[in-house]
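Data first, discussion second: the structure below is written as structure tokens.
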Amino acid sequence: MKKSHPESSLREAWILFMILGMVMINFPFIHIFDSDLSFIGIPRLVVYFMYGWPASIAVIWLFVRRLEKESRSEADMEHHNSTGNTDQ
Amino acid sequence: MTVISAETIIAISLCYFALIFFVAFYADRRRKAGRSLLSSPHIYTLSIAVYCTSWTFYGSVGKAATTGIAYLPIYLGPTLIAFGWWFLLRKMVRVSREQNITSLADFLSSRYDRSAILGAIVTLFAVLGTTPYIALQLKAIAQTLEILFLPLKNIQEPASKLIPYLPGQLDSAFIVTLLLALFGIIFGARHLDSSERHEGLVVAVALESLVKLVAFLTVGIFVTYGMFNGFTDLFQQFYERFPERTDLFAVGTEAVPYTHWFTLITISMAAIMFLPRQFHIMVTENSNEDHIKKAMWRFPAYLFLINLFVLPIAMAGILLNDGDTSQADYFVLTLPLAANQPWLALLVFIGGLSAAAGMVMVSSVALATMILNHLVMPVILKLKLRAQDLSGLLINIKRLGIFGVILMGYFYFIVIGDSYTLVNIGLISFMAAAQFAPAMIGAIYWKRANKHAAIWSISLGFFIWVYTLLIPSFVRSGWITSTLLSEGPMGIGLLKPLELFGLSGFDMYTHALFWSLMFNLGTYCFLSILTRQSSAEKTRAIMFVDVFAPQEQSDEKLTRISKAPTIVEFVDLMSKFIGEKPAQNAISAFLADKEIDHRGSLNDQDIFSLKSFTEKTLAGHVGAGSARIILENYLNARGSEMEDIFDIFGSVTIDGAISREHLSVLYDISQLVSSSESFQSRLDRILELLAQQFKFDLCVIRFLEPKTRTLLVKSLVGETFNHFGKSERNLSTDTYIGQAFLSNVTTVVNDTNELEKPASSEIVREEGITSFAHMPIAIEGEPVGILSAFSRSGKGVFTTEFIALLENIAGQVGIAWRNEQQIGRLVLVREQEREMQIAKEIQMGLLPAALPPMKEIEVAGLCVPAHQVGGDYYDFIVRENKHCDVVIADVSGHSIGSALIMAETRTFIHSRIYDIDNPAAMLHALNGYFLKDLDRSDLFVTMFYLQYNPANRLITYSNAGHNLPFLWRHRQQQIETLDAEGLIFGIYKDVHFEQKTTCLEPGDILLLYTDGITEAEDNNQNMFGQARLQKLLSENHRSTPQELIDLILTQIRLFTGYRHFNDDVTLFVMKVLE
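Here the protein sequences line up with chains C and D, keeping their order.
Going by my numbering, the residue at position 45 of the first sequence is 45; the numbering climbs one at a time, nothing skipped.
Going by my numbering, the residue at position 912 of the second sequence is 912; the numbering climbs one at a time, nothing skipped.
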């Protein structure tokens, strides 16, 4: 039998990441960071966003890469299936 | 200090505009050449960055300098929602592609039952929310121009006095307005089809996005690393000099409470998806769904980059201005000027100009499309303009719309100027976009969501938006008395716009977001659950929500259009709104895979899908709501109706009032209709079922006999005395049945004691009938017969529901009748075809199968009938004395009659050849023979008869009005025609046929042909002609006869462009060997 559609697991991942993202840029999470200068001489909250933001973009990038891989392998599988059928 | 002159600034700005124009033109050119620039996902990503307007470009720094890090959520929100683009945005794109959706308003209107009202409401709100935003862009351009002209001086002077060349009334903002409007019109409204992408516009916007990013990064790097020593240095200096302002780098402060932060994230998430311009760029202009994947991370990366230096520039501005933030909005521009870098400042100005221009152009195009389709179009349709071609008018209205929207922004800017409203309009605009969010998301994820819910939720949301945001901002600008805010309308404290229902303690945006979304979402959910969808709306909902699901056969198949318009009429209708050429293109795309029958029309199913296709195509130009109205009006005007066939459980004719037993009868009857029994037995069984199930005493089906105009009984079930049911019925309104037939309306008599027609009452009383009903059996609205039911026992049996059921049964009988007629016709055609095939085989057998090999001459012949059978004939007969007779003849027409004459001709020649030895005599004999036959049949025959004597190579020939054969003279290298006088057969009794002789020499070629060759037509109705034939002959005189024939045939086929020959083609070639 065919497994659950690959996109559905990605959809779950997306919803989880959205919720996680919503939490991580809102109260109370960002309350952790205050305006004091961090050890690199930049306020902690600014540091958080300066590094957290690109990190989240990297997550999307990984997500997209996964998406492309899934769609490729799915296409391969379909191709494989169809050749398999003709063999029979 | 170096100052760049005003002239240079204007010149460079104009050059920049020229560059954008050029790039956009180039993009359009590329597209026409089929190498679209939009195939690159980079363009798509960059064009989405139209999100970053001058509000971002200048305003971010201003906001950062005054309220600190609160500028960030506007960009964090889009990053967050970009996670889901592959699901959310792709679905919107797919739906829009399939439904030919042109704008945000169209999307909503299309989903919610193609509601014109919803489209108009959304358009109004979109215009209301966007116009001030356009004003903000114009203001940014005007103010930055002033700053550049008068660097670091008093900028209170109006701009109009700064540009020496302009007439007193005009200011620079107005010039910019005109330029942007021009651009919008050229690249946004060249064609009417909004679903066709505006490549030039998109590429121009992408370029502008690139320029604004580069400009901002350049000034950021210059300020951070040129004027200061990097981030750390800036923060250190700032913390030393303004320790009291470190709150700028924190959230949860008095200026930026967490709730405000949350609000900004939420509305920016909605804005990136549902601002009209974002929808336009991301959905309407999307050329490839895969681009979304790339944009998902590239666009957030763009946002990150353009925000990277906002804080450093803000801090630098505060530091260099000694803490003064009154001009913070233009720090980006004033810092390079202060550092004596006017060229850098100019680059910044160009960046800001790009940001503003991109937003204005896309917004105006998106809004103009909405205005045209959802505000103007319904009015035009109401007016029922009689114009043949509205497309020209529509495109001009769209252009006017673009111009109008931008001009409106300009006047807003002039009138409102520096007020509070303008500064905050960015957020107010975002909040407006958020009002579309519930209806938009519900549109693609919730099937139950319906039209009423969408209309009311959006209206209510906007009402709250106006009340809690727009009105307070007007109050602060001083146009409305401030007592409204402090005491509420008419002193009602609970209705204070900023503390609605007593909710206080929040900033105005959070307050407005809470209440507007609460009412919006609440109404949306409640009404969706409480109210019903029409079946049409259900279909729309499925199209949107299940757009990725495999397409199931929709109920389209079950519907047909009566009195359907023809293909041409559909094309005319489309032409009226979109212009002739696009309509033709659209229809040829549609017809590509459809079969067209011999009458040039489509079958019912295809006509229905053509109707859907026409509606969809029109929707691409005028919006879904208007397209629906256009088609409905059009079909109504023609009297066409959508009618159900076969689907007896469909929702149109059968409603819930009909009982289960009735349904089962209907079902049985539909089974009978489609069964394989004979027509008669099907009718009988339908009536038996009817009589048995409903206890009728008599059921009759009568069909019209067209010749006598009487209704003949076709089937009868039940008892009748006096042959009551069996009698014929004349068509007159004196009888109930005649009335039912003539008026095509069911006639019901529930109590025969109250009969109104004396002609009927007597028979009825004799038969003891107490109630009866006549249901017309109609095909495409035309009655063809009557289904009658009589009862002797019950009165009042024919209730409305019951009549509906009987009418449905009558409809089914009609379908059975039509199928029968069609099958009959089909059988007839098949039989004819078979006969023709036999005739063809016989006829081909009459032509010489293989020409006999000769010593001195070589011959070849060919006959290609245009239809199954033809009237052409050629023959080659070798006599006992070795003389050869060559005949070529052409009987007019291609019917069986022609073929018979041809066969007769052949028989005559073959039987008389031994006693008639010269051509003239043979023609004379044939003429006499044919005189009577041909006269009767309106046919005529032409013939050329030739005799070859191999002993002396002499040919003797006569002609009966046939095309003159060609003779290639090898020695002279030229062509002669063989002419001999003589009239076609069958005209006069005594015709003199001239007989001529000529001597052939080795290498000579004789070419006989029929007019099928010379009169073969190409697509432009040019004839092949004798000249071409002669040329072929003289150029190929070295070929063998067979080669020559093949060559001529190939050339004819090429010439006619593979069209069917319209006449039989016959060739005969004889060559004297060398």
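Glycine is no exception: its CB is placed at the ideal position from the N, C-alpha and C atoms.
Residue contact with chain C for residue 570(D): absent (no Cβ-Cβ distance below 9 Å to any residue of chain C). Sequence-distant Cβ neighbours of residue 761(D) in its own chain, meaning closer than 7 Å and more than five residues away, are 755. For residue 715(D), the enclosing beta strand (DSSP E) begins and ends at 710 to 718. Residues of the region 22 to 39 of chain C that bring their beta carbon within less than 9 Å of a beta carbon in chain D comprise 22, 25, 26, 27, 28, 30, 31, 33, 34, 35, 36 and 37, in sequence order. For residue 880(D), the three-state secondary structure derived from DSSP is coil. Residues of chain D with a Cβ closer than 7 Å to the Cβ of residue 56(C) are, in chain order, 79. Interface with chain C (9 Å Cβ-Cβ cutoff): residue 84(D) is included. Scanning chain C for C-beta atoms nearer than 7 Å to the C-beta of residue 252(D) yields 27 and 31, reported in chain order. In this structure, residue 983(D) lies away from residue 1003(D), with their beta-carbon atoms at least 9 Å apart. Judged by DSSP secondary structure, residue 861(D) falls outside any alpha helix (DSSP H) and instead within the beta strand (DSSP E) spanning 857 to 864. The beta carbon of residue 898(D) sits closer than 8 Å to those of 869, 870, 871, 891, 892 and 939, all from its chain and outside the five residues before and after it, given in chain order. Taken in chain order, the region 406 to 480 of chain D contains no complete beta strand (DSSP E) segment of 3 residues or longer.
Taken in chain order, the complete alpha helix (DSSP H) segments of 4 residues or longer contained in the region 106 to 153 of chain D are 116 to 149. At a cut-off of 9 Å between beta carbons, residue 247(D) contacts chain C. Taking a Cβ-Cβ cut-off of 7 Å, the neighbours of residue 301(D) in chain C comprise 57, given in sequence order. Contact annotation: residue 283(D) and residue 444(D) have beta-carbon atoms that are not nearer than 9 Å.
The C-alpha of residue 612(D) is placed about 17 Å away from the C-alpha of residue 107(D). DSSP places residue 771(D) in no alpha helix (DSSP H) but in the uninterrupted beta strand (DSSP E) bounded by 771 to 779. Using a Cβ-Cβ distance cut-off of 8 Å, the region 97 to 107 of chain D and the region 365 to 378 of chain D are in contact, since at least three pairs of beta carbons, one from each stretch, lie closer than that value. Distance from the CA atom of residue 807(D) to the CA atom of residue 542(D), rounded to whole angstroms, is 31 Å. The C-alpha of residue 491(D) is placed about 36 Å away from the C-alpha of residue 275(D). In chain order, 293 make up the part of chain D whose C-beta sits under 8 Å from the C-beta of residue 68(C). Shortest Cα-Cα distance from residue 849(D) to any of 875(D), 1011(D) and 665(D) involves 875(D). Between residue 1065(D) and residue 1005(D), the gap from beta carbon to beta carbon reaches 9 Å or more. The C-beta distance from residue 400(D) to residue 452(D) rounds to 33 Å, too long to fall under 8 Å, and the pair is not in contact. Nearest CB-CB separation between residue 236(D) and chain C: below the 9 Å threshold.
Listed along the chain, the chain D residues whose CB falls inside 7 Å of the CB of residue 11(C) are 87.
Judged by beta-carbon spacing, residue 75(D) lies within the 9 Å limit of residue 268(D), meaning their Cβ atoms are closer than that value.
Listed along chain C are 41 and 42, each with a C-beta nearer than 8 Å to that of residue 231(D).
Counting along the chain, residue 316(D) sits inside the alpha helix (DSSP H) bounded by residues 310 to 320. When DSSP assignments are scanned along the region 981 to 1064 of chain D, the uninterrupted stretches of beta strand (DSSP E) that are 3 or more residues long and fall wholly within it turn out to be 996 to 999 and 1005 to 1009.
The DSSP-derived three-state label of residue 404(D) is helix. Residue 296(D) belongs to the set of residues whose beta carbon lies under 9 Å from a beta carbon in chain C.
Taking 8 Å as the upper bound for CB-CB distance, residue 750(D) and residue 796(D) are in contact here, some 5 Å apart. Comparing alpha-carbon positions, the option among 702(D), 842(D) and 909(D) lying closest to residue 776(D) turns out to be 702(D). With the rule of 3 Cβ pairs closer than 8 Å, the region 23 to 32 of chain D does not count as touching the region 398 to 413 of chain D.
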